[in-house]
Amino acid sequence: MKYKFKEWAYIGTGGALGSLLRASITQLFTTTTFPIATLLVNLLGSLLLGGITAYLYGRSNQSLHLFFGIGFCGSFTTMSMFAADATILLEQGQTTMFLWYNLLSVICGILLAILGFILIKNILEKRGTQ
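Heads up, the sequence shown is in the numbering used here, so the first residue is 18 and it goes up one at a time.
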């Protein structure tokens with residue numbers, strides 16, 4: 018699918034808001050010993066994207082998908098910073114912290130995405146809007 022200007026605007030606007038929120042959280046939670054800010058945004062983003070996926074499942078709302086899924090969550094979460102943080106922990110010889118960071122990021126991220134999906138799906142079912 019080729020995006021038109023309107024679709025690019027949805028992605029860009031969502032992306033701008035997601036990256037600004039990520040930058041704000043990073044400023045609040047930056048530490049020198051553990052990459053808590055990256056962990057927080059990725060876990061929160063997983064929960065949010067799971068919920069968005071449940072909401073959009075079976076619906077054809079392209080604008081919400083572009084704004085929230087690709088734009089907002091795509092820029093709010095950060096795989097590249099996760100990889101860089103993990104590499105730095107390993108380079109510094111902090112093997113235990115490296116392992117915990119990776120386990121928490123991957124396992125909790127998946128679990129939170131599932132939780133977000135289930136929560137929103139249940140809410141929609143109770144409202145009769147699924």
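Ideal Cβ positions, reconstructed from N, Cα and C, are used throughout, including at glycine.
Candidates the options: closest to residue i by CA position
i, options, result
"Y20", "L128, I87, P52", "I87"
"Q79", "L129, Q109, W25", "W25"
"G110", "T50, F85, L81", "T50"
"T48", "S77, R144, D102", "D102"
"F115", "C125, T104, I124", "T104"
"G29", "S41, L73, L81", "L81"
Outcome for residue i when other beta-carbon atoms lying within 10 angstroms are tallied against a minimum of 16
i, result
"G32", "buried"
"G75", "exposed"
"F22", "exposed"
"L106", "buried"
8 Å Cβ cutoff met for residue i and residue j
i, j, result
"L132", "G62", "no"
"S122", "S36", "no"
"Y27", "L83", "yes"
"A71", "I137", "yes"
"T94", "N59", "yes"
"I69", "F46", "no"
ask   = Do the stretch 53-70 and the stretch 95-112 touch if we need at least three Cβ pairs shorter than 8 Å?
value = Touching, per the Cβ criterion.
request  = At 3 residues or longer, and completely inside the stretch 20-87: list those beta strand (DSSP E) runs for me, N to C.
outcome  = Considered as a whole, the stretch 20-87 harbours no complete run of any beta strand (DSSP E) with no fewer than 3 residues.
task = Go through the stretch 93-133 residue by residue and report every complete run of the alpha helix (DSSP H) that reaches 4 residues or more, in order.
result = Under the rule that a run must span 4 or more residues, the alpha helix (DSSP H) segments found entirely inside the stretch 93-133 read 96-108, 112-120.
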